[in-house]
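Novice: The sequence shown begins at 6 in the working numbering and counts up by one. For every residue, glycine included, the Cβ atom is placed at its ideal position computed from N, Cα and C.
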Amino acid sequence: MRKLRPAFTILEILVSVVIISVSIIYVLKLHTSNREQIIYISERNKRALSDSLFLTRKILKYHKETKSAYDLLSDDIKVDKDESRQILKKEMRSIYTPEELLILPPPNSGMSYEARANEVKLKGHHPSTYWHLKIVRF
């Protein structure tokens with residue numbers, strides 16, 4: 006009768022443990038990275054909602070200034086509640102508005118339109134860039 010060899014040798018067991026360890030470390034690293042990205046995206050979405058308070062035409066008057074949401078909205082809306090006023094005053098952003106861009110059609114294209122574009126950069130914990138576009142002639 007033949008002698009049976011053991012199911013796994015010590016070497017095979019060690020190699021499989023090393024392979025499993027390396028793959029588990031990679032999966033944990035990937036999970037941590039994804040978690041950080043998910044947190045960043047959710048925080049960025051919250052910030053985008055509060056950024057909308059600053060995106061009026063009035064913002065184009067400011068460059069390299071720090072303003073609160075209340076400063077920008079106080080002329081347009083009346084805030085009666087002190088609690089709401091304090092919340093709006095806490096929302097601060099540094100505002101940067103570079104020079105206005107004039108958008109014209111290519112020469113000899115036969116098209117006649119003109120538009121103006123203003124870039125608005127809101128600096129804070131999660132910086133944002135928005136554009137104001139105005140069609141002057143179509």
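Under a three-way DSSP split, which group does residue 37 fall into?
Specialist: helix
Novice: Give, in chain order, every unbroken run of the alpha helix (DSSP H) that is at least 4 residues long and sits entirely within the region 9-81.
Specialist: 15-56 and 74-78
Novice: Just to check my reading of the structure: residue 141 and residue 64 have Cβ atoms closer than 8 Å, yes? What is that Cβ distance to the nearest angstrom?
Specialist: No, residue 141 and residue 64 are not in contact; Cβ-Cβ is about 19 Å, not under 8 Å.
Novice: Kindly identify the DSSP beta-bridge partner or partners of residue 97.
Specialist: 73
Novice: Which residues does DSSP pair with residue 104 in a beta bridge?
Specialist: The partner list for residue 104 (beta bridge, DSSP) is empty, contrary to what the question assumes.
Novice: What span of residues does the beta strand (DSSP E) with residue 109 cover, start to end?
Specialist: No beta strand (DSSP E) holds residue 109; DSSP gives it neither H nor E.
Novice: Rounded to whole angstroms, what is the Cα-Cα separation between residue 19 and residue 133?
Specialist: 51 Å
Novice: Residue 117 by DSSP, collapsed to three states: which one?
Specialist: coil
Novice: Is the beta carbon of residue 79 sitting closer than 8 Å to the one on residue 97?
Specialist: no
Novice: For residue 24 and residue 93, what's the separation of their Cα atoms in angstroms?
Specialist: 55 Å
Novice: Can you name the residues that DSSP bridges to residue 3?
Specialist: Given a span of 6 to 143 for the chain in the structure shown, any question on residue 3 remains unanswerable.
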